[in-house]
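Colleague: The structure is given below, and queries will be raised subsequently.
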Amino acid sequence: MRRPASLRAPVALREVRAELPTLVCLTLLIALLTGVAAAGPALVDRFAGEALASRLEQAQQAVPGMDLNARFDPATAPGPGSRPTDLSEDLHPVTTVIENAAPGALQGRLAPYATRVELPPVRARSAGRDVRLGLVYASDAPGRADYAEGRPPDPDSPAVEIAVSTRTRDALHLRLGQRLPLSPGTLRPVDATAVVVGFFTADERGGTPGTRLWREQPLLARPSQHPPRSGAPAWEARALVAPRTVTTLQDQAGITLTVTWSLRLDLDARTAARLAGEDGQRELRRLLTRYPDDVRTAYCGDIGGFGGMYCSIGHHQASTLDHHTRLLDVLDEFGRQWRQGRVVISFALASLLVVGLLTAVATALLALRRRLDVHRLQCARGASATGLALARAAHTAPAAVIGLAGGLAAARSLPSASPAYRYGVGVAVLLWLLLPAFTWYALRDRAAPTRRDPAPSHRAGRRLVAELVTLLLAAAGVAALRARGTSAAAGPDPLLAAVPALLGLVTVAVLVRCYPLPVRLLARWTARGRGAVALIAFARAAKEAPARALALLVLVVTLAGAVFGGLVAGTLADGRRATAAWQVGADASFLGHHPDVAERLTRVRDVRHTVHVRQLRVDPTSATSGERHGVASLLGVDGDRLRAASPGSRAARALAAAGIDGTGPAGPDIPVLATGARTGDVLTITSHGRELRLRVAGALPETVLRDPALGPVRTSTTARDRMLLTDNRALASIDPGDFEQTALLLYGPRLDVRELRSIVPRAASGAAVGELRVRAEEETDAASDGMVRVLVAAHTGCTALAVALALLALVLDLLLSAPARGRTAACLRTLGLGRRATSALHLLQLLPMVLAAVVGGTALGMALPALLGPALQLREFTGGPFAPTAHPDLLLTAALGAGCGVLVLTAVGVETWWGRRRRLGAVLRLTEER
Numbered sequence: 006m007r008r009p010a011s012l013r014a015p016v017a018l019r020e021v022r023a024e025l026p027t028l029v030c031l032t033l034l035i036a037l038l039t040g041v042a043a044a045g046p047a048l049v050d051r052f053a054g055e056a057l058a059s060r061l062e063q064a065q066q067a068v069p070g071m072d073l074n075a076r077f078d079p080a081t082a083p084g085p086g087s088r089p090t091d092l093s094e095d096l097h098p099v100t101t102v103i104e105n106a107a108p109g110a111l112q113g114r115l116a117p118y119a120t121r122v123e124l125p126p127v128r129a130r131s132a133g134r135d136v137r138l139g140l141v142y143a144s145d146a147p148g149r150a151d152y153a154e155g156r157p158p159d160p161d162s163p164a165v166e167i168a169v170s171t172r173t174r175d176a177l178h179l180r181l182g183q184r185l186p187l188s189p190g191t192l193r194p195v196d197a198t199a200v201v202v203g204f205f206t207a208d209e210r211g212g213t214p215g216t217r218l219w220r221e222q223p224l225l226a227r228p229s230q231h232p233p234r235s236g237a238p239a240w241e242a243r244a245l246v247a248p249r250t251v252t253t254l255q256d257q258a259g260i261t262l263t264v265t266w267s268l269r270l271d272l273d274a275r276t277a278a279r280l281a282g283e284d285g286q287r288e289l290r291r292l293l294t295r296y297p298d299d300v301r302t303a304y305c306g307d308i309g310g311f312g313g314m315y316c317s318i319g320h321h322q323a324s325t326l327d328h329h330t331r332l333l334d335v336l337d338e339f340g341r342q343w344r345q346g347r348v349v350i351s352f353a354l355a356s357l358l359v360v361g362l363l364t365a366v367a368t369a370l371l372a373l374r375r376r377l378d379v380h381r382l383q384c385a386r387g388a389s390a391t392g393l394a395l396a397r398a399a400h401t402a403p404a405a406v407i408g409l410a411g412g413l414a415a416a417r418s419l420p421s422a423s424p425a426y427r428y429g430v431g432v433a434v435l436l437w438l439l440l441p442a443f444t445w446y447a448l449r450d451r452a453a454p455t456r457r458d459p460a461p462s463h464r465a466g467r468r469l470v471a472e473l474v475t476l477l478l479a480a481a482g483v484a485a486l487r488a489r490g491t492s493a494a495a496g497p498d499p500l501l502a503a504v505p506a507l508l509g510l511v512t513v514a515v516l517v518r519c520y521p522l523p524v525r526l527l528a529r530w531t532a533r534g535r536g537a538v539a540l541i542a543f544a545r546a547a548k549e550a551p552a553r554a555l556a557l558l559v560l561v562v563t564l565a566g567a568v569f570g571g572l573v574a575g576t577l578a579d580g581r582r583a584t585a586a587w588q589v590g591a592d593a594s595f596l597g598h599h600p601d602v603a604e605r606l607t608r609v610r611d612v613r614h615t616v617h618v619r620q621l622r623v624d625p626t627s628a629t630s631g632e633r634h635g636v637a638s639l640l641g642v643d644g645d646r647l648r649a650a651s652p653g654s655r656a657a658r659a660l661a662a663a664g665i666d667g668t669g670p671a672g673p674d675i676p677v678l679a680t681g682a683r684t685g686d687v688l689t690i691t692s693h694g695r696e697l698r699l700r701v702a703g704a705l706p707e708t709v710l711r712d713p714a715l716g717p718v719r720t721s722t723t724a725r726d727r728m729l730l731t732d733n734r735a736l737a738s739i740d741p742g743d744f745e746q747t748a749l750l751l752y753g754p755r756l757d758v759r760e761l762r763s764i765v766p767r768a769a770s771g772a773a774v775g776e777l778r779v780r781a782e783e784e785t786d787a788a789s790d791g792m793v794r795v796l797v798a799a800h801t802g803c804t805a806l807a808v809a810l811a812l813l814a815l816v817l818d819l820l821l822s823a824p825a826r827g828r829t830a831a832c833l834r835t836l837g838l839g840r841r842a843t844s845a846l847h848l849l850q851l852l853p854m855v856l857a858a859v860v861g862g863t864a865l866g867m868a869l870p871a872l873l874g875p876a877l878q879l880r881e882f883t884g885g886p887f888a889p890t891a892h893p894d895l896l897l898t899a900a901l902g903a904g905c906g907v908l909v910l911t912a913v914g915v916e917t918w919w920g921r922r923r924r925l926g927a928v929l930r931l932t933e934e935r
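At position 390 of the sequence shown (counting the first as 1) the number is 395 in the numbering used here, and the numbers step up by one without a gap.
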C-alpha cells in the first residue's frame, strides 16, 4: 500500500530539516574558502603593494628618491627690449619638463616636489659669534603662516633678505631687521649686507609643511656649533633667501651654481600592488632606469650628452642633467625581502585552505553518517551507489551555488581587488563533490561491513604504503622548495601550498604510529588500580588512534601554522632589536673625529658611561717570516669603561681574560687578540714611517665579533675578514687622525634625545659634525617598517580563521565519534558508573589525542624554518651582519595548548550533559553485543 501524499510530505520535511545544519555548514565553508581562494592572489598583491609603498615612504623620509642636478652660469645680458627674468621663472619651465618626462605608468607619481639652489657659505658675525652662513633658495620653503615673527624674503626686493629658524635666532641672538655684513667665505668675492626679515618654525619630526626641507637640510632647522680648535667659525647655519638674491650674489662672484630638483616616487595602492610582483618590479626598474635619459633628452636634446654648457635655463647657460637615485637599491632590497615574505604569507594561506578542506571533509563524513543506514536500505532495494551519489550531489548543489556566489561576492567587494575566479570555482567544486564521493565509496559494494567484521589482511599493508608515499612526497616537496625557493610566477605556488599538508600528513602518520604505545603502557599501569575508568579510557584511546587521524591532522596543521607564524614574528622582532643594537652599539653613539662635539655629548643629562671605540686599517706582516698577514681592522676599545658600562660585553671580557687592559707596564709591543694568527706571533705595521710591533696575546673568540659595542665602527667602514682587538691605551703611539673611524658610545637609561639632537642634528648625508645614532630612534624606524607589519597582519588573520575552522572541524569529528563513546558510557552506566566518572571517562579518552596534537603541531611549527632552509631567509628582514636567532613565541604556544585543553573540557561537558538527557534505550539495543 502506498503511503498517502499527506504523510510523505512531513517525512520529506523532516529529512530536509535533519539535513539543514550540515547544508548550512557546507554553505558557509564553501563561501569562506571560495572567498579566500578567489581573493588570495589579489590580497597577496595588495599586501605586497602596501609593503612596497611603506618601504618607499621610509626610504624617502630624509632624502629624495631621485635628484636631478644642473650647473648654470651667471645670466647673459638680456636682449634689447627684454626685461630680466627671475630665477624662479627660469626654473619653472625646466621643472615642467622634468614632470612631463615621467613615463605613463608613473605620471603624477614620480614628480619633483622641490627645486633648490644652495650658495657656497659666506662669513658673518652676530653677537660676537663667527658664523659660517649658507644661503638656500628652496621652492618648498614655508609660507608666511609658518613664521613666528616677520615674513619670508621678498622675491622682488633688490636687497639681500634672509630668514632663519627660531632655533638659529636663539643660538645666534639675531633680531628682526638686523643687518649682517657678509664677508667672503667659500663664496668669493662677495660684498653685500643681509637683512634678517623673518623667523620661521622648523620641526623636523614631521607634521609641518616643511618637514622634508628640514630633514634634507638640517642646518636650516637648527645651527651646528663647530669645535673651537678646528680653525672654522664657531657656528654653521643656513638661511632662506629669495631667488633674486641667488642671482645677485652669483653675478658678484661670477661662479657657476648648481640647481637641484628633488623627486619622490609616491605610489597609490592599485599601482603599488601592480608593481610589487616580480614582473612589476622589473617594469618599475626599467622605467626608473630609462627616466633620466628621457628627461635629459626632453630638457636639452641629444646635444646635452656631449657635456659642457650647451643647455640653457632662461638666460643662463647650463649643463645637462646629472642624476642620483637610491630607488633602485630600495627596489632590490624590497625584492629580496618580499620573496621571503611571500613564503610566510603563502604558508599561512595554504594552512588556512588545508584546514578548511579538512573541515569540509568532516562535514561530509557527518552528513554521510546521518544517512548511511537509509542509503544501505536503498541499496538493498536495488538502488545503485552512483545514483545515490548523484542524488546527494543534486541535494547539495543549491548550497554549493549559494556558497560560491557569496564567496565570489565577498572577494569582489574588497577594495582594489581583482578576484581569481578560477581558483574560487575550483575550490567550490572540490568541496561540493566531497559528499557524493564519500557516498559512492561507502556504498560501492552494496554491502556495508559492520564494526565487528575483521579488517582485511592487506589493510595494514595499504596503510604502510600510503604512509611511505606521503613521506616520500613530503621529502620531495621540501627538497624541491629548498632547491628552487618560491615560484616567481604570478598566482599561488602549488608546491608551497602542498608542503604544509604533506608535512602535516607525515606528522600525523608518525603520531598515530607512536602515541598509542605510551597510552597502552599507561592503560596497563592503571589496570593495577581499583578503578576501571582510566583503564577503559586509555584502552579505547589507543585502539581508536587511527580513527582520530582527521582530528589530529586538523589540530597539527593549525598549531603548526600558528607556531610557525609566532616563531617568525618573534624572530623578526628580536632580530630587528639586535640589529638596532648592532648599528648603535649602546643607547646612543656618535661617529666622527670631533673631540669637542663628543665632549659636549658626554655632558648631556643622564649619560652615565662613555666608551671610545676606534678602528684602523692595517696591513701587518709577520716579524719572523715577512709574510703578509692580510688587510685587517685594528680595533681599540676602552676595556675597563666598557666592562663598567656593559658587564656582559664579550669584547671587554676577552680583553680582561687575555690581560690586555692597558694598565700593565708599557712595552715595545702592542698586545692584541687576533683572528687567523697563533698566540705568540709578532706582526709589524707601519705608521708615519715608524714600525709598530703587534704581539698576539691570544685568538679572538668568534663571539667577540658579535659584540654590539663594535657595531658602529664596523658598519660605517669596509667589512674585513681579519680583525685585531686591543685596549685604546695600548694605541697611544698612533695619531688619532689616522683612525678611519671613531665612535663614542653613550650609555644611560633615559637619554635626553632632544638635547642630543640639539648638538648633532639628524641628517642623512653631509652632516657637518658627524653622525649621531640613537637606539630608540633606530628601533622606532624598524618597528614602522610596513613589510613586517604586513606579514604579521596577514599571518594573524589567516591563523585566526584557521583556528576557528579547526574548532569547527574538531567539533564535527567529536560528533562523528560521539555515538561510540555514548554506547560505551551507557553500558558502563548500566553497571553503576556515576556522572563524574562518565565525565572523567570522556576526558581521559580525548586527552591523549589532544596532547599528541599539541606536541606534533608545536614540533612541526618549530621545525618549519629549518626544513625550508634557503627558501626562508629571515636575515633579509632584519639586516645586520648575522642571521637572527630563532625565538619562538612561548606565550602564543602556551595559549594554543591551553585553548586545546579548554576545547576538550568543553566537549566533555557538552557530551556529558547530552548523555544525561538521553535514555539508555535511545543508545543501546537489546541484541547489540559490546
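We treat Cβ as the ideally placed atom computed from N, Cα and C, and that holds for glycine.
May I ask which residues mark the beginning and end of the beta strand (DSSP E) holding residue 609?
Modeller: In the sequence shown, counting from the first residue as 1, residue 609 sits at position 604. Per DSSP, residue 609 belongs to no beta strand (DSSP E) and is neither H nor E.
Colleague: Might you give, ordered along the chain, the residues of its own chain that have their beta carbon closer than 6 angstroms to the beta carbon of residue 250, omitting 5 neighbours on each side?
Modeller: Translated into positions along the sequence shown, residue 250 becomes position 245. Here the set comprises 165.
Colleague: Regarding residue 853 and the ligand ZN, is the C-beta to nearest heavy atom distance less than 7 angstroms?
Modeller: In terms of ligand content, the structure shown is empty, and the ligand ZN therefore cannot be addressed.
Colleague: Would residue 467 be called buried (16 or more neighbouring beta carbons within 10 Å of its own) or exposed?
Modeller: As a first step, residue 467 must be located in the sequence shown, where it is residue number 462. Exposed, because fewer than 16 other Cβ atoms sit within 10 Å of the Cβ of residue 467.
Colleague: Report yes if the CB atom of residue 666 is closer than 8 angstroms to the CB atom of residue 687, and no otherwise.
Modeller: Counted from its first residue, the sequence shown places residue 666 at position 661. Counted from its first residue, the sequence shown places residue 687 at position 682. Result no, Cβ atoms of residue 666 and residue 687 do not sit closer than 8 angstroms.
Colleague: Identify which residue in 275, 607, 112 and 349 has its Cα closest to the Cα of residue 874.
Modeller: Counting from one through the sequence shown, the residue named residue 874 turns up at place 869. Looking at the Cα atoms, 349 is the closest of the given residues.
Colleague: Is it right to say residue 333 is buried, meaning 16 or more other beta carbons lie within 10 angstroms of its own, or is it exposed?
Modeller: Working through the sequence shown from its first residue, we reach residue 333 at position 328. Classification for residue 333: exposed.
Colleague: Three or more C-beta pairs under 8 angstroms: does that hold for the stretch 612 to 624 against the stretch 640 to 654?
Modeller: A contact exists between the stretch 612 to 624 and the stretch 640 to 654.
Colleague: Throw me the rounded Cβ distance for the residue 168 and residue 218 pair, which I believe falls under 8 angstroms.
Modeller: Here residue 168 is taken as the residue at index 163 of the sequence shown, counted from 1. Here residue 218 is taken as the residue at index 213 of the sequence shown, counted from 1. No, residue 168 and residue 218 are not in contact; Cβ-Cβ is about 12 angstroms, not under 8 angstroms.
Colleague: From residue 443 to residue 549, what does the alpha carbon distance come to, in whole angstroms?
Modeller: As a first step, residue 443 is located in the sequence shown; it is residue number 438 there, counting from the start. As a first step, residue 549 is located in the sequence shown; it is residue number 544 there, counting from the start. Using only the alpha carbons, I get a separation of about 21 angstroms.
Colleague: Quick check: what's the CA-CA separation for residue 445 versus residue 432?
Modeller: As a first step, residue 445 must be located in the sequence shown, where it is residue number 440. As a first step, residue 432 must be located in the sequence shown, where it is residue number 427. Going from the Cα of residue 445 to the Cα of residue 432 covers about 20 angstroms.
Colleague: So residue 400 is in the beta strand (DSSP E); what residue range does that whole segment cover?
Modeller: As a first step, residue 400 must be located in the sequence shown, where it is residue number 395. Note, residue 400: premise wrong, no beta strand (DSSP E); alpha helix (DSSP H) at 390 to 418.
Colleague: Compute the Euclidean distance between the alpha carbons of residue 552 and residue 889, then round it to the nearest angstrom.
Modeller: Counted from its first residue, the sequence shown places residue 552 at position 547. Counted from its first residue, the sequence shown places residue 889 at position 884. One C-alpha to the other measures close to 41 angstroms.
Colleague: Are there three or more Cβ pairs, one per stretch, closer than 8 angstroms when the stretch 103 to 123 is compared with the stretch 261 to 268?
Modeller: Yes, the stretch 103 to 123 is in contact with the stretch 261 to 268.
Colleague: Output the distance between the C-alpha atoms of residue 48 and residue 346, rounded to the nearest integer angstrom.
Modeller: In the sequence shown, the residue the question calls residue 48 occupies position 43. In the sequence shown, the residue the question calls residue 346 occupies position 341. So the alpha carbons of these two residues sit roughly 13 angstroms apart.
Colleague: Report yes if the CB atom of residue 702 is closer than 8 angstroms to the CB atom of residue 656, and no otherwise.
Modeller: One-based indexing of the sequence shown puts residue 702 at position 697. One-based indexing of the sequence shown puts residue 656 at position 651. No.
Colleague: Is there contact between the stretch 192 to 199 and the stretch 279 to 290, where contact requires at least three CB pairs shorter than 8 angstroms?
Modeller: Touching, no, given that fewer than three Cβ pairs across the two stretches are closer than 8 angstroms.
Colleague: Which residue wins for smallest C-alpha separation from residue 610, given the options 590, 762 and 474?
Modeller: Here residue 610 refers to the residue found at position 605 when the sequence shown is read from its first residue. The residue with the shortest Cα to Cα distance from residue 610 is 762.
Colleague: For residue 130, tell me which candidate among 187, 297 and 100 has the shortest Cα-Cα distance.
Modeller: As a position in the sequence shown, residue 130 is number 125, starting the count at 1. Nearest of 187, 297 and 100 to residue 130, Cα basis: 187.
Colleague: Between the alpha carbons of residue 133 and residue 239, how many angstroms are there, rounded?
Modeller: By one-based count along the sequence shown, residue 133 stands at place 128. By one-based count along the sequence shown, residue 239 stands at place 234. Approximately 10 angstroms, taken between the alpha carbons.
Colleague: Closer than 7 angstroms by C-beta to residue 708: which residues in its own chain qualify, once you throw out the five before and the five after it? Chain order, please.
Modeller: As a first step, residue 708 is located in the sequence shown; it is residue number 703 there, counting from the start. Around residue 708: 655.
Colleague: Taking the C-alpha atoms as reference points, what is the distance between residue 139 and residue 261?
Modeller: For the purposes of this step, residue 139 is taken as the residue at position 134 of the sequence shown. For the purposes of this step, residue 261 is taken as the residue at position 256 of the sequence shown. Computed Cα separation, rounded: 16 angstroms.
Colleague: If residue 32 sits next to residue 407, beta carbons under 8 angstroms apart, how far is it from one beta carbon to the other, in whole angstroms?
Modeller: For the purposes of this step, residue 32 is taken as residue 27 along the sequence shown, with counting starting at 1. For the purposes of this step, residue 407 is taken as residue 402 along the sequence shown, with counting starting at 1. Yes, residue 32 and residue 407 are in contact; Cβ-Cβ is about 5 angstroms, under 8 angstroms.
Colleague: Under the three-state reduction of DSSP, which class applies to residue 133: helix, strand or coil?
Modeller: Residue 133 sits at position 128 when you count from the first residue of the sequence shown. Correct three-state label for residue 133: coil.
Colleague: Could you pull the start and end residues of the alpha helix (DSSP H) that residue 344 belongs to?
Modeller: The residue given as residue 344 occupies position 339 in the sequence shown. Looking at the DSSP string, the run of the alpha helix (DSSP H) that includes residue 344 is 332 to 385.
Colleague: Residue range of the beta strand (DSSP E) that residue 158 falls in?
Modeller: Here residue 158 refers to the residue found at position 153 when the sequence shown is read from its first residue. Premise fails: residue 158 is in no beta strand (DSSP E) and is neither H nor E.
Colleague: Less than 6 angstroms between C-beta atoms, sequence neighbours within five positions excluded: which residues of the same chain meet that for residue 198?
Modeller: The residue you call residue 198 lines up with position 193 of the sequence shown. 184 and 186.
Colleague: If you scan the stretch 679 to 745 from start to end, which runs of the alpha helix (DSSP H) of 4 or more residues do you find wholly inside it?
Modeller: Listed in chain order, the complete alpha helix (DSSP H) runs (minimum 4 residues) inside the stretch 679 to 745 are 716 to 720.
Colleague: Which same chain residues end up closer than 8 angstroms to residue 696 when comparing Cβ atoms and leaving out the 5 residues on each side of it in sequence?
Modeller: What you label residue 696 is simply residue 691 of the sequence shown in a count that begins at 1. Excluding sequence neighbours, residue 696 sits near 689 and 690.
Colleague: Distance, Cα to Cα, residue 153 vs residue 181?
Modeller: Taking the sequence shown and counting its residues from 1, one reaches residue 153 at position 148. Taking the sequence shown and counting its residues from 1, one reaches residue 181 at position 176. Taking the straight line from one Cα to the other gives about 11 angstroms.
Colleague: Where residue 25 and residue 114 are concerned, what is the direct C-alpha to C-alpha distance, given to the nearest angstrom?
Modeller: Here the question's residue 25 lines up with position 20 in the sequence shown. Here the question's residue 114 lines up with position 109 in the sequence shown. Near 53 angstroms, if we compare the C-alpha coordinates of residue 114 and residue 25.
Colleague: Please report the distance separating the alpha-carbon of residue 248 from that of residue 81.
Modeller: Residue 248 sits at position 243 when you count from the first residue of the sequence shown. Residue 81 sits at position 76 when you count from the first residue of the sequence shown. Rounded to the nearest angstrom, the two C-alpha atoms are 16 angstroms apart.
Colleague: Is the beta carbon of residue 426 less than 8 angstroms from the beta carbon of residue 43?
Modeller: By one-based count along the sequence shown, residue 426 stands at place 421. By one-based count along the sequence shown, residue 43 stands at place 38. Yes; because the gap between Cβ atoms is below 8 angstroms, this pair is in contact.
Colleague: Evaluate contact between the stretch 805 to 825 and the stretch 473 to 491, counting only Cβ atoms and requiring at least three cross-stretch pairs below 8 angstroms.
Modeller: Cβ pair count under 8 angstroms is below three, so no.
Colleague: Would you call the stretch 561 to 575 and the stretch 729 to 739 touching, i.e. three or more CB-CB distances under 8 angstroms?
Modeller: No, because fewer than three Cβ pairs between the stretch 561 to 575 and the stretch 729 to 739 fall closer than 8 angstroms, the two stretches do not touch.
Colleague: Hey, how far is the Cα of residue 363 from the Cα of residue 51?
Modeller: Numbered from 1 along the sequence shown, position 358 holds the residue referred to as residue 363. Numbered from 1 along the sequence shown, position 46 holds the residue referred to as residue 51. Each residue's alpha carbon lies about 28 angstroms from the other.
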